[in-house]
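Please read the structure below before turning to the comments.
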Amino acid sequence: MPLSSMVEMIQNAPLTGELVERSTRRERLVMRGASRIGRAVVTSAMARRENMPLLVIVPTLEEAARWLSLLELMGWKSTHLYPTSEGSPYELFDQTNEITWGQLQVLSEIIVNKKDQNRAIVATERSLQPHLPSPSDLENKCHIISKRNELGIDQLSKILTTLGYKREVTIDQEGKWSRRGDIVDIYPVSSELPVRLEFFGDELVKIKEFDPTTQRSLDVIDEICITPTAFSPIIAEMLRHNLPNELDCFLEDDSIEELLEGGTPDGMRRLLGLVCEKPSSLIDYIDNNTCVVIDERSQCLAHSRQWLDHVNEHVNEVIKDLKISNKECVNKWSSSLHVDLEQPLSDLIRFKGFDSAELNERDNRSNQFDLSARSVNIIPNQFGKIAEQIKDNQKNKLSMWLLSAQPSRAVSLLEEHDCHARFIPNNLDKQSINDVLAQNVPVALKHSANNELEGFALPAWKIVLITDKEFFGQQS
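Residue numbers (this note's numbering): 337 to 812.
Here is the structure:
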């Protein structure tokens, strides 16, 4: 989180307060004219100023991954990517486990830590489509296990079976559990690591994470949230309680038999619309006090239209093969899991937030702000010219951040050209960083992760960032 000090400086600026006020107006604020990293810095600063969690909606998963890597630099306590599928929601088979487990990881984090205001989530426009059971239906199936619970091993084993976990001798992947005497190992699908529960009789005395490869114990934790292994068991239970008359048109006889016997046949998720009056989206899970940012709205809409064309074509083909006499039933089912994106986007008016885009293209909206960011035009490895540009910025009282995998080397090369900067080893030492900046001296910070970073200037906040791309012609 090397840029957390920059975010804090921007969030405390008067201009940021004005933009936050404009983001609450009836006409949604549009901010344009900055690269992705510039938008990420300003976005984080505005959300942190209001002490609000952040949700950024982007056009594609590739963009989501880029945004996530940038937000990880901004000082957020936790950052999450909410994965989505490109396929039709009416496919016979459910989406891959990796997508489902990634969604459950984010949703369980929201459910368990409802009051966490220091969380950033990035998702594609697909997350706004109806594809989830209601928050209450999922929450009722989540079990928070802690040492405070009076939970015996036998009761725990029944819960795990109900949630779809399979018992194995040893566990090495999500969705499995095992027991050895008074020790129960579980690999929750919503967690990065498996957990080991140590019992003394029926009393749970310790919970700790462990490495599934070496079996070595790691951190002791207070509690763990065990979610279902998928959304399908929830939908299957809802179907058993409210069997649609036309179910035999969607499932083969053996699948219906499996369902009625308490099992979960394949393809349950496509039937969500049969038992749920209005399937939910990610928006239904987040707190109303969330800053929701739509990045590149026009691209989100274009990508969504392509997906909707594919879905409509697919669902029409499926309907031809279904022998359904109840047209009301098929109409409800075939329109339950996709909507025109304009509808959920218009519903976002209840959240604070804004739109952002790289290109500064004017439209009819009056509530717009030009970030006026610019790239740092520096030829790499020419430290004499880099030093001169830094000194020019100092004369204009601009705050300078130097972000490098080799900060000591960068500082030394600049000093050879009579340009003094100071390396702060601890990125979280904000007091030292602010003291250096207050002396009109560039501050150098270390960053070695492989992010697509490039320098930028935000004249409105008098801030400049220079990275390894400018110093050495490479990415940090």
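Every residue, glycine too, gets a C-beta built ideally from N, C-alpha and C.
Next on the checklist: For C755, tell me which candidate among K766, V378, Q730 has the shortest Cα-Cα distance.
Outcome noted: Translated into the one-based positions of the sequence shown, residue 755 becomes position 419. Measuring from the Cα of C755, the nearest candidate turns out to be Q730.
Next on the checklist: For the alpha helix (DSSP H) containing L749, name the first residue and the last one.
Outcome noted: Stepping through the sequence shown from its first residue, residue 749 is reached at position 413. First-last of the alpha helix (DSSP H) with L749: 743-751.
Next on the checklist: Beta-carbon within less than 8 Å of K413's beta-carbon, same chain only, minus the 5 sequence neighbours each way: which residues are those?
Outcome noted: Counting from one through the sequence shown, the residue named residue 413 turns up at place 77. Hits under 8 Å: D452, N454, R455.
Checklist entry - What number of angstroms, rounded off, separates the C-alpha of S493 from the C-alpha of H416? => result Residue mapping note: residue 493 aligns to position 157 of the sequence shown, counting from 1. Residue mapping note: residue 416 aligns to position 80 of the sequence shown, counting from 1. Rounded to the nearest angstrom, the two C-alpha atoms are 30 Å apart.
Checklist entry - Short check: CB of Y523 to CB of P548, under 8 Å? => result Residue 523 sits at position 187 when you count from the first residue of the sequence shown. Residue 548 sits at position 212 when you count from the first residue of the sequence shown. Result yes, Cβ atoms of Y523 and P548 sit closer than 8 Å.
Checklist entry - Which residues does DSSP pair with A693 in a beta bridge? => result Your numbering for residue 693 matches position 357 in the sequence shown. Answer by DSSP bridge pairing, in chain order: R368.
Item to check | Through-space distance from G438 to I562, alpha-carbon basis | outcome: Position 226 of the sequence shown, counted from the first residue, corresponds to residue 562. Position 102 of the sequence shown, counted from the first residue, corresponds to residue 438. Approximately 14 Å, taken between the alpha carbons.
Checklist entry - DSSP state of H639, grouped into three classes? => result To locate residue 639, count along the sequence shown from 1; it is residue 303. If DSSP states are grouped into helix, strand and coil, H639 belongs with the helices.
Item to check | Whole-angstrom distance between I685 and N624, CA atom to CA atom | outcome: By one-based count along the sequence shown, residue 624 stands at place 288. By one-based count along the sequence shown, residue 685 stands at place 349. Using only the alpha carbons, I get a separation of about 11 Å.
Checklist entry - By the 10 Å Cβ neighbour count, where 16 or more other Cβ atoms means buried, how is V356 classified, buried or exposed? => result Counting from 1 along the sequence shown, the entry for residue 356 is found at position 20. Within 10 angstroms of the beta-carbon of V356 lie 16 or more other beta-carbons, which makes it buried.
Item to check | Within 8 Å, strictly: CB atoms of I393 and P419 | outcome: To locate residue 393, count along the sequence shown from 1; it is residue 57. To locate residue 419, count along the sequence shown from 1; it is residue 83. No, these two residues do not count as a Cβ contact at 8 Å.
Checklist entry - From what residue to what residue does the alpha helix (DSSP H) around I570 run? => result As a working note, residue 570 is residue 234 in the sequence shown. Element bounds for I570: 568-577.
Next on the checklist: So the candidates are S514, T600, Q509; which of them puts its Cα closest to the Cα of R503?
Outcome noted: Taking the sequence shown and counting its residues from 1, one reaches residue 503 at position 167. Comparing Cα-Cα distances from R503 to each of S514, T600, Q509, the minimum goes to S514.
Item to check | Exposed unless 16 or more other CB atoms sit within 10 angstroms - verdict on V556 | outcome: Your numbering for residue 556 matches position 220 in the sequence shown. Exposed is the call here.
Item to check | alpha helix (DSSP H) segment containing V675, residue limits | outcome: Residue mapping note: residue 675 aligns to position 339 of the sequence shown, counting from 1. Here V675 belongs to no alpha helix (DSSP H), and DSSP marks it neither H nor E.
Item to check | Close Cβ partners of K542 (< 6 Å) along its chain, the five nearest in sequence each way excluded | outcome: Position 206 of the sequence shown, counted from the first residue, corresponds to residue 542. E534.
Checklist entry - In whole angstroms, what separates the C-alpha of L468 from that of A459? => result Along the sequence shown, read from residue 1 onward, the residue named residue 468 stands at position 132. Along the sequence shown, read from residue 1 onward, the residue named residue 459 stands at position 123. Each residue's alpha carbon lies about 15 Å from the other.
Next on the checklist: Judging by CA-CA distance, which residue of P778, N648, D691, D589 is the nearest neighbour of S740?
Outcome noted: The residue you call residue 740 lines up with position 404 of the sequence shown. Considering only alpha carbons, the answer is P778.
Next on the checklist: Less than 8 Å between the beta carbons of F808 and I373, yes or no?
Outcome noted: Position 472 of the sequence shown holds residue 808. Position 37 of the sequence shown holds residue 373. Against a cut-off of 8 Å, the Cβ pair of I373 and F808 comes out as no contact.
Next on the checklist: Is N581 near the ligand GDP - that is, is its Cβ less than 7 Å away from at least one heavy atom of it?
Outcome noted: In the structure on display, the ligand GDP does not appear, and there are no ligands present to speak of.
Checklist entry - From N648 to A638, what does the alpha carbon distance come to, in whole angstroms? => result Here residue 648 corresponds to residue number 312 of the sequence shown, with the count starting at 1. Here residue 638 corresponds to residue number 302 of the sequence shown, with the count starting at 1. When rounded, the distance between both Cα atoms is 16 Å.
Next on the checklist: Counting C-beta neighbours from all protein chains within 10 Å, is the total for S812 16 or more, i.e. buried, or is it exposed?
Outcome noted: In the sequence shown, counting from the first residue as 1, residue 812 sits at position 476. Note on S812: pLDDT 43, under 50, position unreliable in the model; the coordinate value appears next. The residue in question, S812, is buried, as its Cβ has 16 or more Cβ neighbours within 10 Å.
Item to check | Which of helix, strand or coil DSSP assigns to I489 | outcome: Counting from one through the sequence shown, the residue named residue 489 turns up at place 153. I489 falls in the helix class under three-state DSSP.
Checklist entry - If you count every other CB in all the chains shown that lies within 10 Å of the CB of V505, and 16 or more means buried, which is it? => result Here residue 505 corresponds to residue number 169 of the sequence shown, with the count starting at 1. Note on V505: under 16 other CB atoms within 10 angstroms of its CB, so exposed under the neighbour-count rule.
Checklist entry - Do the stretch 337-353 and the stretch 760-774 meet, that is, are 3 or more Cβ pairs less than 8 Å apart? => result yes
Checklist entry - Can the beta-carbon of A780 be found less than 8 Å from the beta-carbon of A757? => result Taking the sequence shown and counting its residues from 1, one reaches residue 780 at position 444. Taking the sequence shown and counting its residues from 1, one reaches residue 757 at position 421. For A780 and A757, yes; Cβs fall inside 8 Å.
Next on the checklist: Below 8 Å on the Cβ atoms is my contact criterion, and I expect I799 with S735 to pass it. Report the Cβ-Cβ distance as a whole number of Å.
Outcome noted: As a first step, residue 799 must be located in the sequence shown, where it is residue number 463. As a first step, residue 735 must be located in the sequence shown, where it is residue number 399. Sure, about 5 Å apart at Cβ, within 8 Å.
Checklist entry - Hey, how far is the Cα of D521 from the Cα of L474? => result As a position in the sequence shown, residue 521 is number 185, starting the count at 1. As a position in the sequence shown, residue 474 is number 138, starting the count at 1. Between D521 and L474, the C-alpha separation is close to 23 Å.
Item to check | Whole-number beta carbon distance between R385 and T352, since they are thought to touch under 8 Å | outcome: As a working note, residue 352 is residue 16 in the sequence shown. As a working note, residue 385 is residue 49 in the sequence shown. Confirmed, Cβ separation roughly 6 Å.
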